[in-house]
Amino acid sequence: MQNGLKNSLLSITLLGSLSCVWAESKVVASFAFVGMVMDYREYSNDGTILDSEKSTLNEILGLDLGLGFLLDETRNDYSYLDFHLMRLGGETDYKGSLHGSNAGYGSYISTTLNAVIDTDVTYMYHNILSDSLEISCGLGLGYRYWERQLSVSQIELYEWFSLRPKVGVMYSLSHELRFALDLEYQYGINPTMSESYYGLDFDLGAADILKVSVPVTYRYSSTMDFFAEGVYERQEIEISDIKTIVENGIVTNSHEPDSTANNIYLKLGFIYKY
Numbered sequence: 026m027q028n029g030l031k032n033s034l035l036s037i038t039l040l041g042s043l044s045c046v047w048a049e050s051k052v053v054a055s056f057a058f059v060g061m062v063m064d065y066r067e068y069s070n071d072g073t074i075l076d077s078e079k080s081t082l083n084e085i086l087g088l089d090l091g092l093g094f095l096l097d098e099t100r101n102d103y104s105y106l107d108f109h110l111m112r113l114g115g116e117t118d119y120k121g122s123l124h125g126s127n128a129g130y131g132s133y134i135s136t137t138l139n140a141v142i143d144t145d146v147t148y149m150y151h152n153i154l155s156d157s158l159e160i161s162c163g164l165g166l167g168y169r170y171w172e173r174q175l176s177v178s179q180i181e182l183y184e185w186f187s188l189r190p191k192v193g194v195m196y197s198l199s200h201e202l203r204f205a206l207d208l209e210y211q212y213g214i215n216p217t218m219s220e221s222y223y224g225l226d227f228d229l230g231a232a233d234i235l236k237v238s239v240p241v242t243y244r245y246s247s248t249m250d251f252f253a254e255g256v257y258e259r260q261e262i263e264i265s266d267i268k269t270i271v272e273n274g275i276v277t278n279s280h281e282p283d284s285t286a287n288n289i290y291l292k293l294g295f296i297y298k299y
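Here the sequence shown stands for residues 26 to 299, where the numbers follow the working numbering.
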């Protein structure tokens with residue numbers, strides 16, 4: 026089941042996001058190239074770092090695709106239903122220790138292959154306060170997938186659904202140029218981690234993400250916009266349940282530890298308005 030899900034998801038090559046659109050557009054579609062900076066760390070019960078994954082902006086790359094439909098519009102407000110899909114892939118620098126060894130953090134250094142997929146559907150309500158200022162709020166349902174291939178025999182798959190409340194503010198500097206600030210909290214539902222070395226499935230204590238986005242949009246024409254967007258994500262995963270392992274007659278316990286990730290994304294793309 027894990028292999029089937031992995032193969033089907035890895036065949037997807039798009040990542041979705043909509044940012045800062047104009048209310049008169051009935052349908053909007055966006056496309057962008059994306060680079061990701063990852064800083065992931067796992068911790069022991071006393072807070073000591075067990076291992077880490079780090080990348081630069083050009084090591085994890087992907088595409089960004091989004092589609093939105095105008096649901097309702099009046100003089101002072103409007104609402105959209107947005108669909109998002111994301112796909113990123115690339116390498117991180119792993120620093121930790123060999124599986125099953127007693128060596129400490131930093132005793133083993135290697136490269137990890139990563140695949141990240143994120144998708145959601147979101148309802149957004151926008152209130153127009155003036156010609157240059159509007160605020161928004163909404164709620165989405167999303168899905169997160171992250172595969173870490175530390176070696177051929179050691180693959181870890183994190184996945185969960187999430188509720189995603191979101192608020193934002195948008196300011197028009199001119200008719201062509203707009204800035205926005207969006208805040209989103211992703212509350213993970215039934216987060217899990219599956220690993221291939223022993224074939225274990227762990228139930229994570231929690232998997233939540235705080236997301237801050239700053240899109241800048243330039244209105245090129247009545248049907249085309251260009252945009253750049255910086256995104257910061259703070260991900261926190263809580264310790265999992267404990268599983269029992271029997272290997273060569275020896276019984277041990279295993280769990281997925283607490284972890285954090287501070288991820289940064291840079292997106293460059295365009296929005297087409299129908």
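Don't be surprised by glycine CBs; every beta carbon is placed ideally from N, CA and C.
**Prompt:** DSSP three-state call for Gln179: helix, strand or coil?
**Reply:** coil
**Request:** Could you tell me which residues DSSP puts in a beta bridge with Ile214?
**Result:** Phe186
**Asked** Which word fits Arg173, buried or exposed, when buried means at least 16 other C-beta atoms lie within 10 angstroms of its C-beta?
**Response** buried
**Message:** For the segment 128 to 136 against the segment 146 to 165, do three or more pairs of beta-carbon atoms, one drawn from each stretch, fall closer than 8 Å, so that the two count as touching?
**Reply:** no
**Request:** Report the three-state DSSP secondary structure of Ile289 (helix, strand or coil).
**Result:** strand
**Asked** For the 8 Å Cβ check, are there 3 or more pairs between the segment 225 to 239 and the segment 249 to 264?
**Response** yes
**Three-way DSSP call (helix, strand, coil) for Gly163 in this model** = strand
**Message:** For Pro190 and Glu258, I'd like the C-alpha separation in whole angstroms.
**Reply:** 15 Å
**Asked** Where does Pro240 sit, in a helix, a strand or coil, going by DSSP?
**Response** strand
**Request:** Kindly give me the distance between the Cβ atoms of Gly114 and Ala140, rounded to whole angstroms, as I take these residues to be in contact under 8 Å.
**Result:** 5 Å
**Message:** Give me, in chain order, the residues of the same chain whose beta-carbon lies closer than 6 Å to that of Ser36; leave out the 5 immediate sequence neighbours on both sides.
**Reply:** Caution is warranted here: a pLDDT of 44 is assigned to Ser36, below 50, making its placement in the model unreliable, and the coordinate value is therefore given only provisionally. Once the five neighbours on either side are set aside, Ser36 has no close Cβ partner at all.
**Asked** So, Leu182 versus Gln211, is the Cβ gap smaller than 9 Å?
**Response** no
**Item:** Per-residue DSSP class, three states only, for Tyr65
**Value:** strand
**Item:** Euclidean distance between Cα positions of Ala253 and Val59
**Value:** 10 Å
**Request:** May I ask you to report which of helix, strand or coil DSSP gives Ser219?
**Result:** strand
**At least three beta-carbon pairs within less than 8 Å, the segment 101 to 116 to the segment 84 to 91** = yes
**Message:** Within the continuous beta strand (DSSP E) that includes Arg109, where are the two ends?
**Reply:** According to the sequence shown, residue 109 is His rather than Arg. Here the beta strand (DSSP E) through His109 covers Asp102 to Gly121.
**Item:** Other residues of its chain near His200: CB distance less than 8 Å, five sequence neighbours each side excluded
**Value:** Arg244
**Request:** Could you tell me if Ser55 is buried or exposed, where buried requires 16 or more neighbouring beta carbons within 10 angstroms of its beta carbon?
**Result:** buried
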